[in-house]
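A.B. asks: Add 26 to a position in the sequence shown, counting from 1, and you land on the number used in the numbering used here.
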Amino acid sequence: MPDENIIKILHYLKLGLLIFGLSIANAFADDVMQCQVTSSVENLAREQGKQLKEDFILSSKAEQFIKLAAGKHQFLLNCTSQKQGVLSFSASGLENNSFFVDGKKISRLTSSQVAYLTPETNFQARLLITKQFSGKFFLKWSALNQFMAQKQQNLFVVSLFYGMCFTLAL
Numbered sequence: 027m028p029d030e031n032i033i034k035i036l037h038y039l040k041l042g043l044l045i046f047g048l049s050i051a052n053a054f055a056d057d058v059m060q061c062q063v064t065s066s067v068e069n070l071a072r073e074q075g076k077q078l079k080e081d082f083i084l085s086s087k088a089e090q091f092i093k094l095a096a097g098k099h100q101f102l103l104n105c106t107s108q109k110q111g112v113l114s115f116s117a118s119g120l121e122n123n124s125f126f127v128d129g130k131k132i133s134r135l136t137s138s139q140v141a142y143l144t145p146e147t148n149f150q151a152r153l154l155i156t157k158q159f160s161g162k163f164f165l166k167w168s169a170l171n172q173f174m175a176q177k178q179q180n181l182f183v184v185s186l187f188y189g190m191c192f193t194l195a196l
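1) What is the residue span of the alpha helix (DSSP H) that F125 lies within?
2) Can the beta-carbon of G111 be found closer than 7 Å to that of T147?
3) Which first and last residues belong to the alpha helix (DSSP H) in which K177 is found?
4) Could you compute how far the alpha carbon of A88 sits from the alpha carbon of G129?
5) With three or more beta-carbon pairs closer than 8 Å as the criterion, would you say the segment 155-173 touches the segment 80-100?
6) Could you give the distance in angstroms between the alpha-carbon of I32 and the alpha-carbon of T193?
7) From this set, G189, Q100, D29, L165, which residue's C-alpha is nearest S66's C-alpha?
8) Taking 7 Å as the cut-off, decide whether the C-beta atoms of A96 and S160 are in contact.
9) Report all residues from its chain with a CB closer than 8 Å to the CB of F164; omit the five preceding and five following residues, and keep chain order.
10) Got a sec, what are the start and stop residues for the beta strand (DSSP E) A88 sits in?
11) Start and end of the beta strand (DSSP E) containing T136?
12) Name the DSSP bridge partner or partners of D81?
13) Report the three-state DSSP secondary structure of D56 (helix, strand or coil).
14) Return the CA-CA distance between L102 and F125, expressed in angstroms with no decimal places.
15) DSSP three-state label for N104, please.
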């Protein structure tokens, strides 16, 4: 009996490695996505000089970490993209957020993070957030296929973990 469980676990691991490899290969696709971001704060933190960054470049290559004070923040994005993308960030410490592309409010995607779909053209966007407390805030912009591959990979890892626990319990 234990040999059958080990064989099942090995099959799950092989399948996991295959899917993980495909996801990683997809994640390194060269996408031209870049935004010039200007941030502004509507509270006393700006007057006291507590904001670390005001202008920065957001690309699909890396996350951008920003230290923000509690209060209302506005990010103006001027973006160039050849593919549909997803702007995502953590919901930790947020009271409220909204995202507008070319003046139209965009609905939030269903995800563990706050995520909004962006068009595959050049566009201007405005992100409004209200933070409950000071802390780090990250923005990440990725191609839609990369975002979906990452979410599928996360789901697969969690499913694999539960499947292995269930197999070992039997």
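Every residue, glycine too, gets a C-beta built ideally from N, C-alpha and C.
C.D. replies: Looking at the atomic coordinates:
1) That residue, F125, is in no alpha helix (DSSP H); its beta strand (DSSP E) goes 120-127.
2) Between G111 and T147, the gap from beta carbon to beta carbon reaches 7 Å or more.
3) It spans 170-195 - the alpha helix (DSSP H) in which K177 sits, taken as one unbroken run.
4) For A88 and G129, the gap between their C-alpha atoms comes out near 26 Å.
5) By the criterion of at least three beta-carbon pairs nearer than 8 Å, the segment 155-173 is in contact with the segment 80-100.
6) Distance between the alpha carbons of I32 and T193: 9 Å.
7) Answer by Cα proximity: Q100.
8) Their beta carbons are under 7 Å apart, which means A96 touches S160 by this criterion.
9) Excluding positions up to five away in sequence, the list reads E89, Q90, F91, I92, F115, S116.
10) Secondary structure note for A88: it is in no beta strand (DSSP E), with a DSSP letter that is neither H nor E.
11) Counting along the chain, T136 falls outside any beta strand (DSSP E), and DSSP gives it neither H nor E.
12) According to the DSSP secondary-structure assignment, D81 is paired through a beta bridge with T64.
13) Low confidence applies here, because D56 scores a pLDDT of 49, under 50, leaving its location unreliable; read the following figure in that light. Residue state, collapsed to three classes: coil.
14) For L102 and F125, the distance between alpha carbons rounds to 10 Å.
15) Strand at N104.
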